[in-house]
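Colleague: This is the structure I have questions about; it appears just below.
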Amino acid sequence: MATGWVRDDSADGRCPFTRFWDRWTNEAVDGPQVGPKGAQIDFRVATTTNNPLLGYASIEWRSC
């Protein structure tokens, strides 16, 4: 499980979210996306099978 926060600092039409990976299946596990600019959200992310997450994450963006 991972917890944290993500904030949108740019008015660029993209919404950031945090991506983690399941240690055993290597499937992506995404946190919630946030937007518009200035918005911030706390998250708690776990795999659907309660497998552990890998020890790294990435910040990704989607159109919003």
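Numbering (our numbering), first residue to last: 1020 to 1083. Here a beta-carbon is modelled for each residue, glycine too, at the ideal position from N, C-alpha and C.
1. Indicate the three-state DSSP secondary structure (helix, strand or coil) for Cys1083 in the structure shown.
2. Less than 8 Å separating the beta-carbons of Arg1042 and Leu1073?
3. Can you check whether the CB of Ser1082 is closer than 8 Å to the CB of Arg1033?
4. Should Gly1057 be labelled buried (16 or more other beta-carbon atoms within 10 Å of its own) or exposed?
5. Return helix, strand or coil for Val1053, following the three-state DSSP convention.
6. Less than 8 Å between the beta carbons of Gln1052 and Arg1026, yes or no?
Modeller: Based on what the coordinates show:
1. If you number the sequence shown from 1, residue 1083 lands on position 64. Cys1083: coil per DSSP, three-state reduction.
2. In the sequence shown, the residue the question calls residue 1042 occupies position 23. In the sequence shown, the residue the question calls residue 1073 occupies position 54. Result yes, Cβ atoms of Arg1042 and Leu1073 sit closer than 8 Å.
3. As a position in the sequence shown, residue 1033 is number 14, starting the count at 1. As a position in the sequence shown, residue 1082 is number 63, starting the count at 1. Result yes, Cβ atoms of Arg1033 and Ser1082 sit closer than 8 Å.
4. One-based indexing of the sequence shown puts residue 1057 at position 38. So Gly1057 counts as exposed.
5. Working through the sequence shown from its first residue, we reach residue 1053 at position 34. If DSSP states are grouped into helix, strand and coil, Val1053 belongs with coil.
6. Locating residue 1052 in the sequence shown gives position 33, where the first residue counts as 1. Locating residue 1026 in the sequence shown gives position 7, where the first residue counts as 1. Going by C-beta atoms, Gln1052 is not nearer than 8 Å to Arg1026.
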